[in-house]
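S.K.:
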Amino acid sequence: MPHLHILSGSGASLRRLLADETAKLASAGYTDVRRQEGGEWGALLSENRGRDLFGDLSVVVVEEGETLGTMPERFAFMLEGPGAGTHILLVCKTDGPRPVAKEHEALCTLSKVETLPPWSKERDGIILSEAGKHGVKIARNAVSLLKELFEDIGELASEAEKLANVCILRKRSEISVSDVEDFCMSDGNRNLLKLLDGLCSGNRVESLASLEGMSSRSELTPLLSALHNRFRLAMYYALCPDERAGYTRALGAKDYAARLAWGAADLYGSVKLRDFVTGLIRVASNERIGQGASWRDLDVLVIDLLSSMKGQGQTANF
Numbered sequence: 002m003p004h005l006h007i008l009s010g011s012g013a014s015l016r017r018l019l020a021d022e023t024a025k026l027a028s029a030g031y032t033d034v035r036r037q038e039g040g041e042w043g044a045l046l047s048e049n050r051g052r053d054l055f056g057d058l059s060v061v062v063v064e065e066g067e068t069l070g071t072m073p074e075r076f077a078f079m080l081e082g083p084g085a086g087t088h089i090l091l092v093c094k095t096d097g098p099r100p101v102a103k104e105h106e107a108l109c110t111l112s113k114v115e116t117l118p119p120w121s122k123e124r125d126g127i128i129l130s131e132a133g134k135h136g137v138k139i140a141r142n143a144v145s146l147l148k149e150l151f152e153d154i155g156e157l158a159s160e161a162e163k164l165a166n167v168c169i170l171r172k173r174s175e176i177s178v179s180d181v182e183d184f185c186m187s188d189g190n191r192n193l194l195k196l197l198d199g200l201c202s203g204n205r206v207e208s209l210a211s212l213e214g215m216s217s218r219s220e221l222t223p224l225l226s227a228l229h230n231r232f233r234l235a236m237y238y239a240l241c242p243d244e245r246a247g248y249t250r251a252l253g254a255k256d257y258a259a260r261l262a263w264g265a266a267d268l269y270g271s272v273k274l275r276d277f278v279t280g281l282i283r284v285a286s287n288e289r290i291g292q293g294a295s296w297r298d299l300d301v302l303v304i305d306l307l308s309s310m311k312g313q314g315q316t317a318n319f
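2 is the number of the first residue of the sequence shown in the working numbering; add one for each residue after it.
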């Protein structure tokens, strides 16, 4: 009888989890790995009831396991413990149906992709660990930018590994924020980041140049959403500076965005930030209902904000 090992998650993290679990089984002697379509529960379990003709320990990988639905109770007797000669790795999306009923989960091995909140220090550890494996260091601001760009833990680790290899090829010992911008961002994302960061720091030239570059190549709605997310946070910081940590967690802000938003809060003040955020909402609403919102409306908001700077911005540690 086979042992059922359920892997659940999404994105690159789920792929890494599958690779890790397959490697663990290989080290335990399960070297015969094959893939199989899900089909139906009865066929899947009956076809993998024992070892193959040569007695090898085997692993059967079943992708999109959620399409099987929940295993009927009548098949529960066909499951064996972790010592079985065949392990079925059932790869499932987190938002799919439960593969087995709760009362049968004890018969299976359950592995879930770890999820970490944006402000979690464990996310820093993942990046530092991947760079360290290759003997490479990474700058603090590069760590912050990577966390801002990639939510999925698997993608985060993969990008850190890629950057470490770039450094090795270039015979450098540290990953810089420029490396992240050059190798992890598209032109559109690079312009967006420069606009957000330029506005937060009061860099008029960079902000307006980035906005001009995006106006001919990007859609307005996603940009409005990104600006709203960053400057809504800044507005709350300006309104209630003593509750900064609470707003950071409530809005799920990463430390990179939070640090820049705090600078914007000091630079513009609560009144101008409130006007800017409400202006963004108005432009987005007009765009949504087709009432003539345009890039010109956003230009006016940006110029008005940049004209209202009251001093030099500050940064904060989060």
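C-beta atoms are modelled at their ideal positions from N, C-alpha and C, and glycine is treated no differently. Owing to the predicted nature of the structure, the values given are computational and were not obtained by experimental measurement.
1. Rounded to whole angstroms, what is the Cα-Cα separation between Ser219 and Cys185?
2. From Asp256 to Gly43, what distance separates their C-alpha atoms?
3. Suppose the cutoff is 6 angstroms on Cβ atoms and the five residues either side in sequence are ignored; what does the same chain contact list for Leu200 look like?
4. Between the alpha carbons of Arg231 and Ala258, how many angstroms are there, rounded?
5. Hey, how far is the Cα of Arg50 from the Cα of Arg17?
6. Would you mind listing the alpha helix (DSSP H) stretches within the region 93 to 144 that are 4+ residues and don't spill past its ends, in chain order?
7. Count the other C-beta atoms from every protein chain shown that fall within 10 angstroms of the C-beta of Ala29, then say buried if there are 16 or more, exposed otherwise.
8. Please tell me whether His105 and Met79 are closer than 8 angstroms, where the distance is taken between their beta carbons.
9. Could you tell me which residues DSSP puts in a beta bridge with Ile169?
10. Can you tell me whether Ala20 is buried or exposed, with buried defined as 16 or more other CB within 10 angstroms of its CB?
11. By alpha-carbon positions, which one of Arg191, Cys168 and Asp276 ends up nearest to Ala132?
12. Quickly, what does DSSP pair Glu175 with across the bridge? List them, please.
13. Give the secondary structure of Ser9 by DSSP, where H, G and I count as helix, E and B as strand, and everything else as coil.
14. Checking 8 angstroms against the spacing of the C-beta atoms, do Glu22 and Leu90 come in under that value?
M.R.: The structure says:
1. 18 angstroms
2. 49 angstroms
3. Ser208
4. 7 angstroms
5. 27 angstroms
6. 122 to 134
7. exposed
8. no
9. DSSP lists no partner for Ile169.
10. exposed
11. Cys168
12. Lys138
13. strand
14. yes
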